[in-house]
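For reference, the structure discussed in these notes is given below.
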Amino acid sequence: MAIPELAALLTILPAGLVAFYLWLLQSRKGSLPITTADCAYDKSKYGDILNWDKFCLYIHGKPTLIISGEFHYWRLPDKSRWESILKKYRAGGFNCIRIYFHWGYHSPDNGIYNFEDNRDINYLLNLCESLNLYVLAAPGPYICAETQAGGIPFWVVEKVKRVRHISFTGFKKYDPEFSDYQKQWFENILPIIAKHQITEKSSGCVIAVQIENELIEKIISLPFGLHDEMRFLCKVARDCGINVPLFTNDPMELGSFISKPSSNFFNRRSFGLDLYGFDKYLVFVPASNPTPWALKIEQDPKKWKPWKVKDTPIFIPELQGGWFTTYKLQHTFDDVYNFYGDAFTRTIYESVLAQGCTMSSIYMVYGGTNWGTLGDIDGYTSYDYSACIREYGYMSSRIRELRLGIHFIRSFSDVFTKTERVKNPNVTTSIKNVFNLQRKSVMKNVKRGEEVLFSFFRNFNDQKIPIFQVYVTYKEGQRREQKFYMSCLLPYKTSFIALGNYTTITGLKLIFSTLPIHLRIIQNNLNEIWLIPVNDVGELAFQGEVTVDGNLASSIRKVGHAIHIVSFDAVCGFARIRSVDSKGDLYILALHNESLSTLHATFEDPYWLKSNNLFPYSPLIVTWGTQNVYFDHSNSILETHYGDQEHEISILSSREPADHVRFQSHPTYPLPFVHKKQFTAGEKTSEVHLVPKLVRWCYFTTDFNDLDWRSIELKNGGPVENFYASGHILYSTKFPSKYSSTKVQLSVNMRHRCTIFVNGQFAGGHTTFSRQLFFPGSKNGPELFKNFGEEKYNITQFLHSNGNEEKNSVVILVESWGLSRQSVVFNDVTNPRGLISANIDGLIKETKLSWSICGVDLRKLDNSYNTTGIPNERKNLDWKESEKGICAHGVLPNDGIKWWSFRFSHPIESKFKDILNAPLRLVLYGAFTSYIFLNDTLIGRYYGNGDCAQHDYYLMDGLLKFGDDENQITMMVYSWETVNTEEIVVEIRGWEIDDVKKTGNLIKPKKGVDEDNELEVKPWIVRKEFIPLA
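Laid out in structure tokens, this is it:
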């Protein structure tokens, strides 16, 4: 090429790229005649009810913190447990939940929608209103959430070529057919949600509705998202009666679909929503960290490196509260919990607060269970998530730590809800990486110059030093500015918010506190009460002379003219602090960490109480001593849950206790507003044995010849197009006993697990799964190399002799671990599933293979996810009795699919069911595969060959029945190897957990440990008692 032509090309090329970018940018803007203004929240009409500014939401004109946690009702198959779990959200300090509403869970087929029984969302929203919980409603249509197809129904995936408008290339092109199906879902779900809006009902709970999920507008500055997609959904939402604010969540801080001024030429066709939010996931478990091309992943939890500190910007509406784990990894959720530690969620949350965030939702607070086949390829049965509340309902140390931080901000919400960052903080520290930043209150009730200061500390010091000095700069009136030091104790990777420049209701001026103040209570508009930890390092600095009395030993040191610094001994007790001018008393109550871990404070937002409470930020009642407390304000009843080692409850309340309730004065805190009560429910119950006998064993074997087979072309044999997308699909072929070779080989390419039978004999099996992008069985992203997933089997030994008149039969049992979830930019929901290809080499040329298929048609089920995929799973078959069950018979691969069933009695007598709760688990060991039903609900999938690390399966409380032998477990079993009787464990037990460190992790006997020297391990049992306070 000549130099002039090259120069001309180099001149034109940049202009061409710019022109292409501008075309791409405008093409993404779309053409639907729907504007941002058409879908905007009507502040002129509803602003008095719900409004916002750059600081926070206003509900009925009052600045309101939204402290939310994710809740998936569809991961709790027993509706009766929804209330008990949501009460634990309240006990954890939350005033809001975000709910993903699962389209596929409600719609098994086109035009069919089920909102009854455990899909009754009207009941759920009524329940939230009765529990005084706000709701951020997220009806998708796409929800991600590690569920099959991201919540999109199987029938939609079958009908639509561009799910989420994404083509095969990953490029988006608007698909009107997909939009019509989305509209169908919205028209069924949104009218129910609309009835519960805060703008429509005096006690409504829904304060905002999320449209779509993680919908990106631009990727690396390249236009990707379709504005018409968001336009259409927002307009449908408004047409369906949604009038609260609409919001979306960016997968990261990309600025997607923010409302922009239409006067700007480049923004004239843009579309934006009322509220903008983005997700924040900061720390991944090493073996789960996305590593697209890594071929060796460290799977030993003992070798994981500690998570590194990262900055935490503002977040709405998914803030990391744990992490999931997936197939082929050998760590459990207990390992994940240990990796993150007890303080992780609190530290992340307080880091977000430090950025000025007043509206966030933690994902997850309670994970639940991927019962049935709800989970996608990224998640097996348990969805524990190492969350604050463990799968079986235990409130772990993580929620106990987080709750202390929440108590602080809620009890100081009158000055905390609206703050600005301080550019030049008045504190420094003696070591690095412990002080984050400082904010000052800008609430209307705060005078200029008297702004309350909040200093955010988190110990990320490289040397892990727990004790350090805080240097405070302070100017008293017109006096010269002075600097003084205070000591602080903060263990590594923990956090707290320090209070400063604060005047108590009694008139005391706090300059700064290096003592964590976990809770503030205002008593009778006269006294103020602070709850602190037992801590002989931290200090309180007051302006002016103070006196201290009480049984909590203290010391005072004076700095400068009028600064008095108070410290306490490391004991429990109370102190009373006064000054000459005090109008009342400041009480300090020091609690041990064990008591703080059970500290509950009941806050009620003014919206729910409908009363003129002078101090809505002060808790109605405070307790400690029990693992869970819920205060029913309307009936003035305290619902308490306590364990074996919890014998009494301490109650801090200004109200006089009822005469008929046996309260005692508190020996440690002998104050008129602190009471103590001994528990009595434990006296009425005997020791509970939580290993019930498994009785009435029986079994039957699936006969493949009795199933209803139909012919197919193998290229059309996928699970989606045949509506067999849950669990298993069976494929079969028959061919003459005529061979052209002494070696006959079967080639199979399938997803994700196959088990092969030739002439009724087990011939082999394998798993195709990958964490790497594009590879066969990839858990994320399209499979570009799907043909590489083929495995070959020599089946010669299983065939009839050459020339035999009897035909050979091949049955391939294929199990799908679920459809990929079409997240962000990936077009992977159409990744191949089922039997992709199969061929037999070594047959004579004239042999033509024809294939048949059978499975369970999901369109005919009430619930698309409650099936193994084996057609005879619920038919009345000829069960045979077995005296000792599977543990006495073992498992043989040649048995094919064998069903085992047994019964057991609930270990708690029915007369105690209202005052005792003892969650149960099914424990399985042995190298076999099993699908597990509890009372006709598919609750779990077990893989003893190593494909999954889970051995303990939660038996949901609400699915269990009381009475003799009332509960039935049915297990569909098959294996790739012979499993001897001594290798098999099938038992039902309680949850023997770590109730000392409060992790909730299972404690299992260690091999080689002398049983006589081993600590006694007891199952977790909760006793309930209801205490009337009026």
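Quick note: the sequence shown uses the UniProt record's numbering, first residue 1, plus one each step. The beta carbon of each residue, even a glycine, is placed where N, CA and C say it ideally should be. As the structure is a prediction and not an experimental result, all values here were calculated from the model.
Whole-angstrom distance between residue j and residue i, CA atom to CA atom
i: residue 729; j: residue 378; result: 20 Å
i: residue 142; j: residue 354; result: 31 Å
i: residue 771; j: residue 101; result: 28 Å
i: residue 789; j: residue 859; result: 30 Å
i: residue 550; j: residue 119; result: 55 Å
i: residue 433; j: residue 459; result: 6 Å
i: residue 563; j: residue 581; result: 16 Å
i: residue 521; j: residue 132; result: 21 Å
i: residue 171; j: residue 469; result: 55 Å
i: residue 233; j: residue 191; result: 14 Å
i: residue 67; j: residue 139; result: 20 Å
i: residue 606; j: residue 400; result: 25 Å
i: residue 503; j: residue 350; result: 23 Å
i: residue 594; j: residue 242; result: 46 Å
i: residue 91; j: residue 632; result: 11 Å
i: residue 747; j: residue 776; result: 15 Å
i: residue 920; j: residue 217; result: 46 Å
i: residue 547; j: residue 514; result: 19 Å
For residue i, the first and last residue of its enclosing beta strand (DSSP E)
i: residue 38; result: No beta strand (DSSP E) contains residue 38, which is instead part of the alpha helix (DSSP H) from 36-39.
i: residue 121; result: Segment 121-130 is the alpha helix (DSSP H) holding residue 121; no beta strand (DSSP E) there.
i: residue 940; result: 937-943
i: residue 63; result: 62-64
i: residue 833; result: Taken as a continuous stretch (DSSP letters only), residue 833 belongs to no beta strand (DSSP E), as it is neither H nor E.
i: residue 677; result: 674-678
i: residue 498; result: 495-503
i: residue 698; result: 695-701
Within 8 Å, strictly: CB atoms of residue i and residue j
i: residue 813; j: residue 755; result: yes
i: residue 981; j: residue 887; result: yes
i: residue 373; j: residue 865; result: yes
i: residue 97; j: residue 69; result: yes
i: residue 322; j: residue 386; result: yes
i: residue 697; j: residue 884; result: yes
i: residue 209; j: residue 137; result: yes
i: residue 993; j: residue 394; result: yes
i: residue 228; j: residue 174; result: yes
i: residue 519; j: residue 510; result: no
i: residue 636; j: residue 397; result: no
i: residue 82; j: residue 127; result: yes
The alpha helix (DSSP H) enclosing residue i, as first and last residue numbers
i: residue 396; result: That residue, residue 396, is in no alpha helix (DSSP H); it is neither H nor E in DSSP.
i: residue 985; result: Note, residue 985: premise wrong, no alpha helix (DSSP H); beta strand (DSSP E) at 985-990.
i: residue 558; result: Segment 554-559 is the beta strand (DSSP E) holding residue 558; no alpha helix (DSSP H) there.
i: residue 1024; result: Note, residue 1024: premise wrong, no alpha helix (DSSP H); beta strand (DSSP E) at 1022-1028.
i: residue 709; result: Neither: residue 709 is in no alpha helix (DSSP H) and is coded neither H nor E.
i: residue 191; result: 176-194
i: residue 1037; result: Because the chain is modelled from 1 through 1030, residue 1037 falls outside the range shown and cannot be assessed.
i: residue 790; result: Unbroken run through residue 790: none, as it is neither H nor E.
i: residue 333; result: 333-340
i: residue 159; result: 154-159
i: residue 345; result: 344-354
i: residue 238; result: 227-239
Nearest-angstrom beta carbon gap, residue j and residue i [assumed within contact, 8 Å]
i: residue 711; j: residue 843; result: Actually they do not touch by this definition, with Cβ atoms about 19 Å apart.
i: residue 918; j: residue 690; result: 6 Å
i: residue 240; j: residue 187; result: 6 Å
Assigned exposure category for residue i - 16 Cβ within 10 Å defines buried
i: residue 145; result: buried
i: residue 932; result: buried
i: residue 941; result: buried
i: residue 1032; result: Residue 1032 lies beyond the range of the chain shown here (1 to 1030); nothing can be said about it.
i: residue 985; result: exposed
i: residue 760; result: exposed
i: residue 1030; result: exposed
i: residue 832; result: buried
i: residue 963; result: exposed
i: residue 678; result: exposed
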